[in-house]
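Student: In the UniProt record's numbering, the protein residues as written are 1 to 649. Backbone N, C-alpha and C define an ideal beta-carbon position, used for all residues, glycine too. A single structure is presented below for examination.
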Amino acid sequence: MQKNEGAPWELHIYVFPEGKNWSVVHLDSKWAVNAPTVSASFPLPSQGFDIGFILVGQLYSAVAPGLCTSVLLSAMASSSVFVVSIDFGTSYSGYCYSLASGTDQIRQVFWGMEHGFKTPKTPTCILFNQNQEFKKFGYDAVMKYKKLSSDEADKWYFFQNFKMSLYDRKVTSDMMLEASNGKTLPALLVFAESLRYMEQHALNTIQEASFNTVCDPEEITWVITVPAIWTAAAKQFMRLAAKEAGLISDMTSEKLIIALEPEAASLWCKQLPQEGFLTEGSNSKKFEDSPGVQYVVVDCGGGTVDITVHEIQEDCCLKELHKASGGGWGGNRVDENFIAFLREIFDDGVWHEYVKSCPTELQKMMYNFGLQKCSSDREAVYLDCYYKLTTLAEKKKEISQFFKKVKGVKWCDGMIMITFEKMKSFFEYSIKNIIVALKEILDKPEMAKVQYILLVGGFASSVILRDEVRKAFSKKYNILCPLEAQLAIAKGAVLFGINPEVVTSRISARTYGLRVSREFDPAIHDIRNRRVSKADGYVYCKGLFRKLVEVGESVSINEVVHYDFTPTEPDQTSALFAFYSTEKQDAMYVDEEGLELVGSCTVPMPDTKLGGKRKLNLDIKFGLTEIKATATDVTSKQSRIITIDFLSV
């Protein structure tokens with residue numbers, strides 16, 4: 001970092017001491033050093049100089065010997081000082097933060113202390129008042145909603161599990177979300193206000209930990225985690241929500257990184273010591289972080305289960321070996337089965353009335369069930385049967401009578417006792433799908449060298465899930481789960497934010513291509529697609545599919561796919577690029593079965609002097625976590641970053 005004499009500048013050195021709060025040392029162009037406890041001056045060269053870690057080491061030996069464990073330099077117009085990862089989950093959300101210098105000091109935040117909790121995540125719940133104004137998020141939203149009267153609850157908007165609205169459906173920027181009471185709000189508002197809350201909470205936390213030093217927005221790189229199986233539209237929706245929330249100023253900003261959840265978890269697990277994993281049964285082997293090691297990551301979240309396969313490279317980076325797969329088999333499926341079970345018990349209209357009239361009490365019951373769901377015990381589960389449910393039931397008959405016809409459950413003096421076998425039955429759908437998906441991947445010949453299966457995510461905290469995966473695969477694979485399974489994604493996302501190039505290549509989950517026109521060839525082209533240019537009589541075939549990347553193809557993060565465009569009409573003033581995708585390896589026409597229009601972008605071509613001889617180069621990167629494109633006008637040699645719109649098709 002070159003500095004010249006006379007030019008005003010300032011240097012911030014952020015100290016991250018072991019076990020203490022952040023400290024900040026400020027060095028400006030007056031050569032003064034000011035620390036919270038120390039102030040000193042240093043003679044520095046009068047000529048231009050390079051600031052490096054040698055100088056910093058000298059500075060620290062004078063200012064605070066032995067204090068720092070990590071250093072980051074930040075000058076004017078510098079890169080980020082902090083990396084903040086937001087693990088925006090279906091059921092729970094949280095964030096972690098660190099210096100962007102690559103420190104291993106990743107800080108987490110605990111939630112809910114004011115409500116008697118202390119958890120690394122807070123419920124992904126948000127509450128708006130009757131005027132559609134944001135009021136609360138997380139535990140605060142849950143507790144506030146519980147205190148609302150029935151009349152107020154009917155007017156307010158309470159959302160939970162809304163992240164699943166971006167999975168397995170068409171995602172658009174104007175889509176609506178349904179609240180618990182059936183009322184609707186724009187999805188973009190719900191997601192943006194959630195991210196805005198997380199952003200402000202993180203900024204306040206960092207400010208408090210750094211002696212009230214206010215961070216400039218440009219000093220933070222934000223990382224938002226998403227499932228690897230999400231579509232390009234769903235990922236872009238999160239970027240748009242981040243822009244609406246104020247995390248970034250434009251859609252192409254590099255201050256926001258989209259991280260794939262299983263990749264983030266993979267990075268975290270890769271560097272954990274042996275004691276960082278649960279020791280269960282005979283599986284207490286340390287994860288071997290060495291070149292050539294291959295492993296499967298199973299990210300078990302509340303909504304989705306993401307499965308990826310990685311290989312460690314010589315430079316300790318990661319290479320994806322199999323396209324991301326998975327489905328909606330997360331922990332919420334267990335909740336749904338539990339609710340169906342309660343509906344079976346409390347028949348005769350009792351459960352229907354309870355859900356309708358007591359939503360806040362139901363919320364508390366489901367929270368307590370969630371704790372039991374991820375318990376490490378292999379015993380019967382006892383849950384409180386709350387007052388309003390008991391009252392509604394006893395209007396019909398003596399409450400113990402409801403339990404006689406259902407197996408695996410008993411009424412025990414105000415408690416609902418569920419046998420361990422019945423509890424396991426709630427997991428059957430999720431576990432069956434996870435095991436089938438894993439077998440489908442691992443049975444492939446190219447997966448023969450896989451040694452480990454890593455179970456991560458909040459749902460992986462369930463001993464029932466871990467037991468079944470171990471039963472199915474432990475004879476051939478080492479099954480590992482980190483102690484902090486629910487934090488692996490957030491902490492790994494910080495590592496990814498520090499070095500986004502650590503995953504060097506990915507497998508394309510689909511075949512992508514463009515809709516193009518070509519000179520008509522009667523030998524191969526369908527006559528129905530034949531067109532004639534009005535301007536010069538050029539005969540061409542429209543609606544052809546031009547493959548750019550194939551499903552299952554390994555794509556490097558630096559690999560660029562080129563497409564050269566020439567206009568079909570000489571007076572054309574813009575080029576519309578329509579992107580299609582399919583699970584097939586290739587196609588002839590874009591209207592074939594299985595092809596889907598997924599996005600588009602328009603590039604201006606205002607100068608028509610060269611007519612049909614103009615050229616435009618489109619360069620696309622498919623190996624990143626988001627598809628990115630650049631367009632270059634060959635004549636003017638001007639390039640621009642193109643935003644492919646995946647949300648308006």
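Just mark residue 187 as buried or exposed, buried being the case when its beta carbon has 16 or more other beta carbons within 10 Å.
Tutor: Here residue 187 refers to the residue found at position 187 of the sequence shown. Residue 187 is buried by the Cβ-count criterion.
Student: Closest to residue 391 by CA distance: which of 404, 597 and 350 is it?
Tutor: Position 391 of the sequence shown, counted from the start, is the residue given in the question as residue 391. Looking at the Cα atoms, 350 is the closest of the given residues.
Student: Just list the residues that DSSP pairs residue 642 with in beta bridges.
Tutor: Translated into the one-based positions of the sequence shown, residue 642 becomes position 642. DSSP lists 629 as partners of residue 642.
Student: So is the beta-carbon of residue 98 under 7 Å away from any non-hydrogen atom of the ligand NAD?
Tutor: Of ligands this structure carries none, so the ligand NAD is not represented either.
Student: Quick check on the DSSP output: the beta strand (DSSP E) that includes residue 650 runs from which residue to which?
Tutor: Only positions 1 to 649 of the chain appear in this structure, which leaves residue 650 out of reach.
Student: Which ranges would you report for the beta strand (DSSP E) in the segment 148-181 if only whole runs of at least 3 residues count?
Tutor: 157-160 and 176-178
Student: Please report the Cβ distance between residue 537 and residue 83, rounded to the nearest whole angstrom; I am assuming they are in contact, meaning their Cβ atoms lie under 8 Å.
Tutor: By one-based count along the sequence shown, residue 537 stands at place 537. By one-based count along the sequence shown, residue 83 stands at place 83. About 58 Å; that fails the 8 Å criterion.
Student: Would you call the segment 570-577 and the segment 610-618 in contact, with 3 or more CB pairs under 8 Å?
Tutor: yes
Student: From this set, 382, 386 and 375, which residue's C-alpha is nearest residue 363's C-alpha?
Tutor: By one-based count along the sequence shown, residue 363 stands at place 363. Residue 386 is the option with its Cα nearest to residue 363.
Student: Between the Cα of residue 617 and the Cα atoms of 599, 217 and 561, which residue gives the shortest distance?
Tutor: For the purposes of this step, residue 617 is identified with residue 617 of the sequence shown, where counting begins at 1. Minimum Cα distance to residue 617 is reached at 561.
Student: Hey, residue 307 and residue 441 are a contact pair by Cβ (cut 8 Å); roughly how many whole angstroms apart?
Tutor: If you number the sequence shown from 1, residue 307 lands on position 307. If you number the sequence shown from 1, residue 441 lands on position 441. Residue 307 to residue 441, Cβ: 7 Å. Contact.
Student: For residue 57, which residues from the same chain have a beta carbon less than 8 Å from its beta carbon, with the 5 sequence-adjacent residues on both sides left out?
Tutor: The residue given as residue 57 occupies position 57 in the sequence shown. Any reading at residue 57 needs caution, since the residue's pLDDT is 32, under 50, leaving its predicted position unreliable; the model's value is listed next. Result list for residue 57: empty, nothing under 8 Å.
Student: What residue does the alpha helix (DSSP H) around residue 423 start on, and which one ends it?
Tutor: The count along the sequence shown starts at 1 and reaches residue 423 at position 423. From DSSP, the alpha helix (DSSP H) with residue 423 extends over 420-425.
Student: Which two residues bound the contiguous beta strand (DSSP E) that contains residue 578?
Tutor: Translated into positions along the sequence shown, residue 578 becomes position 578. Start and end: 574-582.
Student: Hey, could you find the ends of the alpha helix (DSSP H) residue 496 is sitting in?
Tutor: As a first step, residue 496 is located in the sequence shown; it is residue number 496 there, counting from the start. Its alpha helix (DSSP H) spans residues 488-498.
Student: Cutting at 7 Å between CB atoms, please list the residues of its own chain near residue 690, excluding the five before and the five after it.
Tutor: An answer regarding residue 690 cannot be provided, because it is not within the stretch 1 to 649 covered by the chain.
Student: For the putative contact between residue 178 and residue 184, defined by C-beta atoms under 8 Å, what is the C-beta separation to the nearest angstrom?
Tutor: Within the sequence shown, the letter at position 178 stands for residue 178. Within the sequence shown, the letter at position 184 stands for residue 184. About 5 Å separates the two Cβ atoms, so the contact holds.
Student: In the DSSP assignment, the beta strand (DSSP E) including residue 617 goes from what residue to what residue?
Tutor: What you label residue 617 is simply residue 617 of the sequence shown in a count that begins at 1. Run containing residue 617: 616-621, per the beta strand (DSSP E) assignment.
Student: Between residue 277 and the rest of its own chain, which residues show a CB-CB distance below 6 Å, the 5 nearest in sequence each way excluded?
Tutor: As a first step, residue 277 is located in the sequence shown; it is residue number 277 there, counting from the start. Same-chain partners within the cutoff: 480 and 482.
Student: With 16 other CB atoms within 10 Å as the buried threshold, where does residue 597 fall?
Tutor: Locating residue 597 in the sequence shown gives position 597, where the first residue counts as 1. Around the CB of residue 597, fewer than 16 other CB atoms lie within 10 Å, so the residue is classed as exposed.
Student: Check whether the segment 94-101 and the segment 143-155 touch, using three or more Cβ-Cβ pairs below 8 Å as the test.
Tutor: no
Student: Could you pull out every unbroken alpha helix (DSSP H) segment of at least 4 residues lying fully inside the segment 205-266, listed in chain order?
Tutor: Counting whole runs of 4 or more residues, the segment 205-266 contains the alpha helix (DSSP H) stretches 232-245.
Student: Once the 5 residues before and after residue 469 are set aside, which same chain residues still bring their CB inside 8 Å of it?
Tutor: Numbered from 1 along the sequence shown, position 469 holds the residue referred to as residue 469. Only 298, 431, 434, 435, 438, 453, 455 and 479 meet the Cβ criterion.
Student: Under the three-state reduction of DSSP, which class applies to residue 99: helix, strand or coil?
Tutor: As a position in the sequence shown, residue 99 is number 99, starting the count at 1. In the structure shown, residue 99 sits in a strand (DSSP, three-state: E or B).
Student: Quick one: Cα of residue 255 to Cα of residue 198, how far?
Tutor: One-based indexing of the sequence shown puts residue 255 at position 255. One-based indexing of the sequence shown puts residue 198 at position 198. In a straight line, the C-alpha of residue 255 is about 16 Å away from that of residue 198.
Student: How is the alpha helix (DSSP H) around residue 368 delimited, first residue to last?
Tutor: Reading the sequence shown from its first residue, position 368 is the one you call residue 368. Where residue 368 is concerned, the enclosing alpha helix (DSSP H) stretches over 359-373.
Student: So, residue 357 versus residue 318, is the Cβ gap smaller than 8 Å?
Tutor: As a first step, residue 357 must be located in the sequence shown, where it is residue number 357. As a first step, residue 318 must be located in the sequence shown, where it is residue number 318. Cβ atoms of residue 357 and residue 318: not closer than 8 Å.
Student: Applying the 10 Å Cβ sphere with the 16-neighbour rule, what's the burial state of residue 705?
Tutor: Any answer about residue 705 is impossible in this case: the structure gives the chain only from 1 up to 649.
Student: Residues in the same chain with beta-carbon distance under 6 Å from residue 595, minus the five sequence neighbours each way, listed in chain order, please.
Tutor: The sequence position of residue 595 within the sequence shown is 595, counting from 1. Excluding sequence neighbours, residue 595 sits near 580, 582 and 587.
Student: Go ahead and label residue 501 buried or exposed: buried means 16 or more other beta carbons lie within 10 angstroms of its beta carbon, across all protein chains shown.
Tutor: Taking the sequence shown and counting its residues from 1, the one referred to as residue 501 is at position 501. By the 10 Å Cβ count, residue 501 comes out exposed.
Student: Using the Cβ count rule (16 or more neighbours within 10 Å means buried), how would you classify residue 371?
Tutor: As a working note, residue 371 is residue 371 in the sequence shown. Exposed: under 16 other Cβ atoms inside 10 Å.
Student: For residue 547, list the residues DSSP reports as bridge partners.
Tutor: Counting from one through the sequence shown, the residue named residue 547 turns up at place 547. According to DSSP, residue 547 bridges with 513.
Student: Roughly how many angstroms separate the alpha carbons of residue 491 and residue 554, rounded to a whole number?
Tutor: For the purposes of this step, residue 491 is taken as the residue at position 491 of the sequence shown. For the purposes of this step, residue 554 is taken as the residue at position 554 of the sequence shown. Each residue's Cα considered, the two are about 27 Å apart.
Student: Rounded to the nearest angstrom, what separates residue 264 and residue 128 at their Cα positions?
Tutor: Here residue 264 refers to the residue found at position 264 of the sequence shown. Here residue 128 refers to the residue found at position 128 of the sequence shown. Answer to the nearest angstrom: the Cα atoms are 32 Å apart.
Student: Can you tell me the Cα-Cα spacing of residue 341 and residue 261, whole angstroms?
Tutor: Taking the sequence shown and counting its residues from 1, one reaches residue 341 at position 341. Taking the sequence shown and counting its residues from 1, one reaches residue 261 at position 261. Roughly 31 Å between the two C-alpha positions.
Student: How many angstroms separate the CA atom of residue 517 from the CA atom of residue 457?
Tutor: For the purposes of this step, residue 517 is taken as the residue at position 517 of the sequence shown. For the purposes of this step, residue 457 is taken as the residue at position 457 of the sequence shown. CA-to-CA, the gap between residue 517 and residue 457 works out to about 46 Å.
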